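For reference, the structure discussed in these notes is given below.
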Amino acid sequence: MRKLLVAANWKMNGRLEQNRALLQSLKNNGLLELNHEVDVLIIPPACYLSQVSQELVGTQVKLGAQNICSWLQDGAFTGEMNAQMMVDLNVSHVLVGHSERRAFCAESDELVAEKTKACLVSGLVPLVCVGETLDEREQGLLQAVLSRQVLTVAKSLDEEALSKVVWAYEPVWAIGTGLTATPEQAQEVHAFIRSLLATVMGQVAADKLHILYGGSVKANNAVELFAQKDIDGGLIGGASLSASDFLGICNAAK
Ligand code: PEP
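Note that the sequence shown covers residues 35 to 288 in this note's numbering.
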């Protein structure tokens, strides 16, 4: 039985006061009581990691980062941060390969694999995002795209490392659009991703992996999505900026 994980990706949103109010409201309205049933992860912009880390002291809520640089150790890389620096900030998870970074920062499958490895070497859990665009889906390329994205990462890792990766299926056409994959569509793709991973690590190990769904998840569609056999929680963008919406989604994961 895989315990569900619900992750809040704040993206490039928030200010000190706004973050404080959001976290207070989450804590006052049940976030902390959820913890024995659902794992919760908050992923703020890097500049607010320390603030959120402090606000979460004494709770079991986990802290995630939205990005790290890839293979680089300390050095002359202006504007970059590496995995070891995230460890210093109490980060446990790092988003890797989010479609916005693939699209806006030209992150390739190979770079996603490098970043995944860099996280694992530092003891961080990479949360690797994969998903097709609408165009790719309509052209019948769904399986080819996902195979390329998943297997480039999976085949670059040994089995022990691969067993620590968390995956997120995020159809690009569903992110921030209000469109959501139906539970059946999402389940079909999650099962496909798990079957791909089983070809690399075997079925028993693949069955232990978490595969989250992301793409316009709201409290009113989360129950059905999370009830699917191969959906192990959600990666939540827009709805994670409202305490009541996010708690509604977390409660759906209980
Ligand atoms: C995301 O950013 O990963 C995401 C799923 O966004 P949204 O929930 O807003 O579609």
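We treat Cβ as the ideally placed atom computed from N, Cα and C, and that holds for glycine. In this text the structure is predicted, and so the values were computed from the model without any measurement.
- When secondary structure is reduced to three states using DSSP, Cys139 falls in the coil class, being assigned neither helix nor strand.
- Taken through DSSP and simplified to helix, strand or coil, Val187 comes out as helix.
- DSSP, read as helix, strand or coil, puts Leu176 in helix.
- The C-beta separation of Val238 from Lys198 comes to about 16 Å, leaving the pair out of contact by the 8 Å criterion.
- Rounded to the nearest angstrom, the gap between the Cα atoms of Val121 and Val128 is 10 Å.
- In this structure, the beta-carbon distance from Leu161 to Val130 falls below 8 Å.
- Ile245: member of the beta strand (DSSP E) spanning Ile245 to Gly248, first to last residue.
- The residue from Leu180, Cys153 and Gly157 with its alpha-carbon nearest to that of Glu166 is Leu180.
- Not one heavy atom of the ligand PEP is found less than 7 Å from the C-beta of Ala286.
- In the three-state DSSP reduction, Val199 falls in the coil class, being neither helix nor strand.
- With fewer than 16 other Cβ atoms inside 10 Å of its own Cβ, Met35 counts as exposed.
- Contact between Leu75 and Gly98 holds: their C-beta atoms lie close to 5 Å from each other, under 8 Å.
- Val146 places its beta carbon less than 8 Å from that of Val187.
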